[in-house]
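Asks: Read top to bottom, the protein sequences are chains A and B.
For what it's worth, numbering that gives the first Met the number 0 labels the leading residue of the first sequence as 0, then goes sequentially.
For what it's worth, numbering that gives the first Met the number 0 labels the leading residue of the second sequence as 0, then goes sequentially.
Dropping a structure here in structure tokens format, bear with me for questions.
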Amino acid sequence: MHRINIFRVFWMIASIGVGFGIVWLWQVSADNRWVSPVSLPGPDRAWTALMRGFTRGELLENLIGTVERMIWGWLLASLVGVALGALIGISARARAYLGPMLEFLRPLPASAIIPVAIALLGLSDGMVLAVIAFGALWPMLLATIHGFAAVEPRLYEVSRALGLSRLEVIWKIALPNAMPDILSGMRLGLTIALILAVVGEMLAGRQGLGQWILLAARAFRAPDLFAGVILLGLLGFASALVLSAIEQRLLRWRKTH
Amino acid sequence: MTAGKWRGLVVPVGLLLAAEIAALVSPVSSDTLAPPSQIFGAGFIGLGDGTILKATGQTMLAALGGLGLGVGLGLVFGILLGLFVILDRLMEFPVEAFRPIPSVALLPVAMLAFGFGYSMEIAIVAFATFWPVLILTKAAIAGIEPRLLEVSRALGFNLFQRVWKIVLPAALPRIFVAFRLAAGVALIVAVTVEIAINPLGLGYAMMTAQQSLNPALMLALLLWIGVVGWGFNALLMLLQSRLFSRMNTAEAR
């Protein structure tokens with residue numbers, strides 16, 4: 000047990016070392032101008048831009064803008080997606096009538112509704128939020144329907160024998176059974192929410208990292224651009240981490256069985 | 000089976016009829032919405048004069064170009080990391096650090112590096128498709144029966160022979176699943192890049208239709224993108240079942 004842990008720590012340190020090696024290579028190639036500094040500034044300049052952006056407060060404001068948009072849109076999508084999915088998933092008839100249409104809509108790129116949303120809502124915060132919520136809705140909606148459809152039929156029979164109401168069946172039997180599906184849908188939904196938040200900010204000119212990196216690129220401020228890209232990478236990393244922590248907590252009961 | 004398909008059509012057709020009737024009852028000329036008859040009309044005109052097909056060609060070219068590049072690189076690195084555990088452990092941190100960067104965050108970077116056009120879109124699509132292929136190829140190779148690799152060692156195969164004769168055939172069904180996944184991602188990312196900044200293809204055509212206040216054409220394009228995405232997906236599913244149905248049954252036995 001101990002030996003395994005020591006091995007893991009060793010490999011982790013070695014792997015982080017490789018990461019630093021890559022950053023060092025990046026620095027060397029920037030110093031020697033192997034790549035044009037217009038499109039690829041060195042890590043030192045990107046780091047300075049990151050620090051300067053934070054001390055001036057602009058970068059933090061933009062980061063908060065993107066995080067808020069992403070989380071609100073995602074929460075809205077989770078709520079609507081799981082509720083709608085439960086309503087459709089619990090009834091075989093609703094699944095038969097709505098399933099094919101939902102399957103047709105699934106491969107549709109969520110960003111394709113951005114022009115429609117702009118036409119309806121204008122270049123507003125509401126538009127960006129609507130696009131995020133709509134785009135992030137699909138994985139959760141379909142995962143919930145699928146999770147409900149995959150519940151062991153005998154469990155439904157038991158619930159009927161126990162005289163449970165439809166709401167109780169959803170809450171006590173179908174929802175816990177569909178939880179793993181729903182959580183993986185929520186994970187995908189969060190990734191989509193971040194992507195759509197960035198695209199929405201670029202198009203609508205709303206405060207956020209999407210707008211920050213686009214403006215930086217248009218003004219040829221490559222260090223600021225890379226500072227924004229690094230932050231977006233960290234944001235993606237952090238959101239995946241938080242979600243897998245939630246997943247492990249919520250699915251603890253599965254391992255004990 | 001036919002009854003099931005018929006029931007799936009009830010809701011969409013009903014919604015279209017309702018939209019048409021609503022437009023007939025209150026005929027306001029709108030800059031944002033159009034009745035289904037006008038949408039289909041605009042779609043047929045666009046298909047007839049070739050503008051929609053040309054835009055589809057541009058989007059598909061960028062999507063497939065990026066897909067080819069991303070899948071190729073993903074396969075090479077996935078095979079290397081899958082075969083050499085030491086390499087996999089060493090690259091764990093860099094992979095986990097680069098993978099979560101949202102593909103659209105690289106849009107402005109690609110804009111600076113390549114300018115507008117195919118190359119920037121291909122680069123972004125390649126980045127987005129590289130990661131799933133890398134991860135899934137690695138996993139596919141980890142799932143190969145270890146005795147097969149032992150056999151290849153006993154036969155004295157070199158690395159190329161080992162990959163070509165043992166690893167790829169054994170991992171191919173799972174690698175194809177990764178390819179199908181990446182193909183879906185490629186189309187989505189291509190359209191997203193076009194909508195966000197790149198003046199090319201179906202996404203840009205939609206943005207132009209919206210800005211010139213032509214909701215019928217805009218919605219027709221939305222519908223067409225749906226059809227293209229669905230058709231592309233269906234084609235890949237068909238390929239998968241044709242190519243690998245025999246292998247899957249062999250595996251199940």
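A virtual CB, placed ideally from N, CA and C, is assigned to each residue, including glycine.
To be precise: take each residue of the segment 68-91 of chain B, compare its Cβ to all Cβ atoms of chain A, and keep it if any distance is under 8 Å. Which residues remain?
Replies: Correct list: R88, L89, M90, E91.
Asks: Can you find a C-beta in chain A that's less than 7 Å from the C-beta of I134(B)?
Replies: Chain A, which has no Cβ nearer than 7 Å to the Cβ of I134(B), makes this no.
Asks: If you scan the segment 200-238 of chain B from start to end, which runs of the alpha helix (DSSP H) of 4 or more residues do you find wholly inside it?
Replies: List check, alpha helix (DSSP H) in window: 200-210.
Asks: Going by beta-carbon coordinates alone, are L208(A) and N4(A) separated by less than 7 Å?
Replies: No, these two residues do not count as a Cβ contact at 7 Å.
Asks: Hey, would you say A118(A) sits closer than 7 Å to Q209(B), going by beta carbons?
Replies: Yes. Within cutoff.
Asks: If you run the structure through DSSP and keep just helix, strand and coil, what is D48(B)?
Replies: In the structure shown, D48(B) sits in coil (DSSP, three-state: anything other than H, G, I, E or B).
Asks: List the residues of chain A whose Cβ lies closer than 8 Å to the Cβ of L66(B), in chain order.
Replies: Simply none; closest approach about 15 Å.
Asks: Where A249(B) and P172(B) are concerned, what is the direct C-alpha to C-alpha distance, given to the nearest angstrom?
Replies: Low confidence applies here, because A249(B) scores a pLDDT of 44, under 50, leaving its location unreliable; read the following figure in that light. Whole-angstrom Cα-Cα distance: 12 Å.
Asks: Tell me where the alpha helix (DSSP H) around P179(A) begins and ends.
Replies: Segment 174-203, the alpha helix (DSSP H) holding P179(A).
Asks: Between W23(A) and V228(A), what straight-line distance do the alpha-carbon atoms span, to the nearest angstrom?
Replies: Their backbone Cα atoms lie some 18 Å apart in a straight line.
Asks: For L201(B), which of L68(B), V150(B), G49(B) has the nearest alpha-carbon?
Replies: If we check each option's Cα against that of L201(B), G49(B) comes out closest.
Asks: With a threshold of 8 Å, are at least 3 pairs of Cβ atoms found where one atom belongs to the segment 174-191 of chain B and the other to the segment 54-72 of chain B?
Replies: With the cut-off at 8 Å, the segment 174-191 of chain B and the segment 54-72 of chain B touch.
Asks: For V184(B), decide whether its Cβ has a neighbour in chain A, counting only Cβ atoms nearer than 7 Å.
Replies: Taking Cβ atoms only, chain A never reaches closer than 7 Å to V184(B), which makes this a no.
Asks: Going by the CB atoms, is the gap between S158(A) and V168(A) shorter than 7 Å?
Replies: Yes, these two residues count as a Cβ contact at 7 Å.
Asks: For G134(A), decide whether its Cβ has a neighbour in chain B, counting only Cβ atoms nearer than 7 Å.
Replies: No, G134(A) lies away from the interface with chain B (no Cβ there is under 7 Å from its Cβ).
Asks: Between P11(B) and G183(B), what straight-line distance do the alpha-carbon atoms span, to the nearest angstrom?
Replies: Straight-line Cα distance between these residues: approximately 24 Å.
Asks: Would you mind reading off the limits of the alpha helix (DSSP H) that contains R173(B)?
Replies: Counting along the chain, the alpha helix (DSSP H) containing R173(B) begins and ends at 167-195.
Asks: Under 7 Å, Cβ to Cβ, is there at least one residue of chain B near L29(A)?
Replies: According to the sequence as given, residue 29(A) is Ala; it is not Leu. Not one chain B Cβ lies under 7 Å of A29(A).
Asks: Between the segment 12-26 of chain A and chain B, which residues of the former have a C-beta closer than 8 Å to a C-beta of the latter?
Replies: Those would be A13, S14, I15, V17, G18, I21, in chain order.
Asks: Note down, in chain order, all residues in the segment 38-50 of chain B with a beta-carbon under 7 Å from any beta-carbon belonging to chain A.
Replies: Answer set for the segment 38-50 of chain B: empty.
Asks: Going along the chain, which residues of its own chain have a beta-carbon closer than 7 Å to the beta-carbon of M206(B), five neighbours each way excluded?
Replies: Result list for M206(B): I194, in chain order.
Asks: List, in order along the chain, the chain A residues whose C-beta lies closer than 7 Å to that of R6(B)?
Replies: Simply A95, Y96.
Asks: Please list, in chain order, all residues of the same chain as G45(B) whose beta carbon is under 7 Å from its beta carbon, the five residues on each side excluded.
Replies: Result list for G45(B): I51, L216, A219, in chain order.
Asks: Between the segment 139-150 of chain A and the segment 174-183 of chain A, do three or more beta carbon pairs fall short of 8 Å?
Replies: With a cut-off of 8 Å, the segment 174-183 of chain A and the segment 139-150 of chain A count as touching, because enough Cβ pairs lie within range.
Asks: Check this for me: beta carbons of I194(A) and V70(B), under 7 Å apart or not?
Replies: The answer is no: Cβ separation not under 7 Å.
Asks: Using a Cβ cut-off of 7 Å (strictly closer), state whether M0(B) contacts chain A.
Replies: Any answer about M0(B) is weak, because its pLDDT of 43 lies below 50 and its placement is not dependable; what the coordinates show is given next. Closer than 7 Å: no.
Asks: Confirm, please, whether the CB-CB distance from L122(A) to L189(A) is below 7 Å.
Replies: Result no, Cβ atoms of L189(A) and L122(A) do not sit closer than 7 Å.
Asks: With A169(B) and L147(B) assumed to form a contact (beta carbons below 8 Å), what rounded beta-carbon distance in angstroms separates them?
Replies: Between L147(B) and A169(B) the Cβ distance is about 6 Å, and since that is below 8 Å, they are a contact.
Asks: Identify which residue in R165(A), L231(A), L104(A), G134(A) has its Cα closest to the Cα of L277(A).
Replies: Any answer about residue 277(A) is impossible in this case: the structure gives chain A only from 0 up to 256.
Asks: Going by C-alpha to C-alpha distance, which of T65(A), P222(A), S164(A) sits closest to S238(A)?
Replies: Among T65(A), P222(A), S164(A), the Cα nearest to that of S238(A) is on T65(A).
Asks: For T275(B) and chain A, any beta-carbon pair shorter than 7 Å?
Replies: As displayed, chain B neither begins before 0 nor continues past 252, which places residue 275(B) out of reach and without an answer.
Asks: Cutting at 6 Å between CB atoms, please list the residues of its own chain near D223(A), excluding the five before and the five after it.
Replies: The answer, listed in chain order, is A48, A215.
Asks: In three-state terms, what does DSSP make of M90(B)?
Replies: Note: M90(B) maps to coil in three-state DSSP.
Asks: Give the straight-line distance between the Cα atoms of G13(B) and M100(A), rounded to the nearest whole angstrom.
Replies: Straight-line Cα distance between these residues: approximately 12 Å.
Asks: Does A122(B) get closer than 7 Å to chain A when you measure Cβ to Cβ?
Replies: Taking Cβ atoms only, chain A never reaches closer than 7 Å to A122(B), which makes this a no.
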